[in-house]
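Colleague:
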Amino acid sequence: MYLMKDVNDNIIYVGKAVSLKNRVRQYFRKTNKTERIKKMVSLIDHFEYIVTDNEAEALILECNLIKKNRPKFNVLLKDDKSYPYIKIDIKDDYPTVVITRRLVHDGSKYFGPYANPGSAKEMVDFIKKKFKIRQCRNYKAKNRVCLNYHIGRCLGKKKKNVSKEEYMKQIDQIMLLLERKDR
Numbered sequence: 097m098y099l100m101k102d103v104n105d106n107i108i109y110v111g112k113a114v115s116l117k118n119r120v121r122q123y124f125r126k127t128n129k130t131e132r133i134k135k136m137v138s139l140i141d142h143f144e145y146i147v148t149d150n151e152a153e154a155l156i157l158e159c160n161l162i163k164k165n166r167p168k169f170n171v172l173l174k175d176d177k178s179y180p181y182i183k184i185d186i187k188d189d190y191p192t193v194v195i196t197r198r199l200v201h202d203g204s205k206y207f208g209p210y211a212n213p214g215s216a217k218e219m220v221d222f223i224k225k226k227f228k229i230r231q232c233r234n235y236k237a238k239n240r241v242c243l244n245y246h247i248g249r250c251l252g253k254k255k256k257n258v259s260k261e262e263y264m265k266q267i268d269q270i271m272l273l274l275e276r277k278d279r
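Just so you know, we're using the working numbering here: the sequence shown kicks off at 97 and counts up by one.
(1) Could you give the residue range of the beta strand (DSSP E) that holds M100?
(2) Would you give the residue range spanned by the beta strand (DSSP E) that V120 belongs to?
(3) From which residue to which residue does the alpha helix (DSSP H) around G208 run?
(4) Taking the alpha-carbon positions, what's the L157 to Y263 distance?
(5) Looking at the unbroken beta strand (DSSP E) that takes in V110, where does it start and where does it end?
(6) On the DSSP letters alone, give me the boundaries of the beta strand (DSSP E) that I182 sits inside.
(7) Please state the DSSP three-state secondary structure of K174.
(8) Quick one, are the C-beta atoms of G203 and K187 less than 8 Å apart?
(9) Looking at G208 and P180, is the spacing between their C-beta atoms short of 8 Å?
(10) If N170 and V110 are in contact, beta carbons under 8 Å, what's the gap, nearest whole angstrom?
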């Protein structure tokens with residue numbers, strides 16, 4: 097991961113590369129440069145670099161740096177999209193596990209970010225199959241139980257088959273799994 101900076105130490109470009117030497121060399125070649133690249137190169141005063149453990153970490157760091165600093169020459173990742181998180185609203189009596197792209201300081205537990213949205217979905221699907229947590233939105237209603245209860249994927253809060261303490265034990269196990277502290 098590298099940061100191109102101008103004389104005022106402002107970030108003008110954020111990039112990532114497996115081989116930093118080869119990637120940076122491309123910017124200073126005389127052939128096949130667009131006007132945008134020529135302008136950017138003329139403004140470069142110095143570089144900074146950050147070493148990451150893997151490509152996913154580099155991608156997340158690049159995205160966060162671009163969103164925070166809004167470098168003039170980065171055209172991608174300036175939108176408001178973000179990486180998915182897995183959210184557990186622990187303030188709820190019977191929390192559920194959902195995927196969200198908004199990290200809000202609301203007292204919920206967030207796990208992630210996930211560089212691959214598919215892996216976040218796979219994790220939530222696994223949790224819903226392994227643990228019998230509620231999946232219905234309106235669990236406080238006094239009407240009939242959901243389909244998941246009938247097929248054995250829910251403990252049946254509506255039938256009062258599960259206490260809050262028993263349910264929260266499952267949520268604690270899920271949080272250990274997501275924190276990677278389980279066996």
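Here a beta-carbon is modelled for each residue, glycine too, at the ideal position from N, C-alpha and C.
These figures come from a predicted structure and were not determined experimentally.
Modeller: The answer reads as follows:
(1) 98-101
(2) Premise fails: V120 lies in the alpha helix (DSSP H), 116-123, not in any beta strand (DSSP E).
(3) Here G208 belongs to no alpha helix (DSSP H), and DSSP marks it neither H nor E.
(4) 36 Å
(5) 107-111
(6) 181-184
(7) At K174, the pLDDT of 46 sits below 50, so the modelled position is not reliable; the number obtained from the coordinates is stated separately. Reduced to three states, the DSSP call for K174 is coil.
(8) yes
(9) yes
(10) 6 Å
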